[in-house]
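Reviewing the structure listed below.
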Amino acid sequence: RLVEASAAGKKLGEDFIGKMTASGGTNINDSLIAALKQFENNDRPKMLVFMTDGLPTVGESNVDKIVANIKTARKAEVRIFPFGFGYDVNTALLDKLGSENAGTTDYVQPKEDLEVKVSNFFAKVSFPVLTDVQIDFGPLKAENMYPRRFADLFKGTQLAILGRYTNSADLKAVDFSLRGKAGTDTRNFQYHGLAFPLRDAENDFLPRLWASRRVGWLIEQIRSNGETKEVKDEIIDLGTKYGIVTPYTS
Numbered sequence: 026r027l028v029e030a031s032a033a034g035k036k037l038g039e040d041f042i043g044k045m046t047a048s049g050g051t052n053i054n055d056s057l058i059a060a061l062k063q064f065e066n067n068d069r070p071k072m073l074v075f076m077t078d079g080l081p082t083v084g085e086s087n088v089d090k091i092v093a094n095i096k097t098a099r100k101a102e103v104r105i106f107p108f109g110f111g112y113d114v115n116t117a118l119l120d121k122l123g124s125e126n127a128g129t130t131d132y133v134q135p136k137e138d139l140e141v142k143v144s145n146f147f148a149k150v151s152f153p154v155l156t157d158v159q160i161d162f163g164p165l166k167a168e169n170m171y172p173r174r175f176a177d178l179f180k181g182t183q184l185a186i187l188g189r190y191t192n193s194a195d196l197k198a199v200d201f202s203l204r205g206k207a208g209t210d211t212r213n214f215q216y217h218g219l220a221f222p223l224r225d226a227e228n229d230f231l232p233r234l235w236a237s238r239r240v241g242w243l244i245e246q247i248r249s250n251g252e253t254k255e256v257k258d259e260i261i262d263l264g265t266k267y268g269i270v271t272p273y274t275s
């Protein structure tokens with residue numbers, strides 16, 4: 026159960042932890058489900074910070090099943106932010122828990138300052154600006170956009186979206202809108218007169234940047250679903266064309 030972070034509440038927490046005994050196992054599945062049950066139904070932002078230095082060794086250990094169980098147990102408004110400490114962590118699991126539950130994943134290397142990294146994280150998420158971000162691109166035919174799901178925006182952060190558009194002619198005056206929630210209010214932002222030419226040599230770094238995101242996403246599909254010739258060939262083609270180091274190219 027959740028208690029107020031007062032002196033008495035902190036003492037209760039310390040006493041509770043002091044009575045715990047470590048058995049050496051890590052039950053990630055049940056721990057997250059138990060944590061998700063603590064959230065009440067209200068309009069306050071809901072964030073679950075999950076910190077681990079190990080692998081799932083007790084209970085459910087299959088990555089896809091854990092992710093599915095957490096998605097079933099999670100209320101739509103709860104964001105999950107995993108932190109992995111050290112090298113002995115399941116990055117596939119932590120990355121999925123973050124990306125598929127409206128959060129982000131971060132890692133702390135053994136020689137990094139844990140306090141600084143965690144403090145920076147909480148300083149960021151303490152000031153949410155816009156959640157449930159959606160973009161209407163209007164007549165622009167956009168595809169293969171990354172990230173696949175837009176993260177919440179916090180004070181001092183930015184959202185960089187990379188994708189391709191397949192229109193057959195120059196678009197010189199595109200209007201599109203960005204919307205999301207600020208607390209319980211819905212906010213809309215309109216952008217007018219944006220140009221999307223068929224070819225633009227001015228920003229020649231963008232294709233390689235997009236290709237890197239595309240390769241990363243394809244590698245994640247292989248990690249989750251197994252390798253197929255079609256996906257492997259696309260990774261090789263993109264790596265060769267844009268000079269990207271991949272597991273299949275160098």
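Read left to right, the sequence shown gives residues 26 to 275 (my numbering). All C-beta atoms, glycine included, are put in the ideal place defined by N, C-alpha and C. Source: prediction; values computed, not measured.
Residues near residue i in its chain [Cβ-Cβ closer than 8 Å; skip 5 each side]
i, result
"R69", "none"
"G50", "T82, V83"
"L165", "Y190, N192, L196, V199, F201, F221"
"V114", "T77, D78, G79, L80, Y132"
"I269", "R233, A236, S237, V240, L263"
"I186", "I160, M170, Y171, P172, F175"
C-alpha distance - residue i paired with residue j, whole-angstrom precision
i, j, result
"G43", "S249", "38 Å"
"Y216", "G205", "15 Å"
"Y273", "D258", "9 Å"
"N228", "S202", "23 Å"
"I160", "M170", "12 Å"
"L122", "S151", "21 Å"
"G188", "E168", "6 Å"
"I53", "D138", "24 Å"
"W242", "D40", "44 Å"
"K266", "S275", "12 Å"
"N67", "A207", "15 Å"
Local conformation of residue i per DSSP, three classes
i, result
"R233", "helix"
"V270", "coil"
"Q246", "helix"
"L165", "coil"
"G123", "helix"
Contact set for residue i: own chain, Cβ-Cβ below 6 Å, skip 5 residues either direction
i, result
"L61", "A98, R99"
"Q63", "L27"
Buried or exposed by the 16-neighbour rule on C-beta atoms within 10 Å, applied to residue i
i, result
"W235", "buried"
"G128", "buried"
"D210", "exposed"
"G109", "buried"
"V240", "buried"
"D177", "buried"
"P107", "buried"
"R104", "buried"
Contacts around residue i, its chain only, beta-carbon distance under 7 Å, and the 5 residues preceding and following it disregarded
i, result
"E125", "V92, K96"
"F162", "F201"
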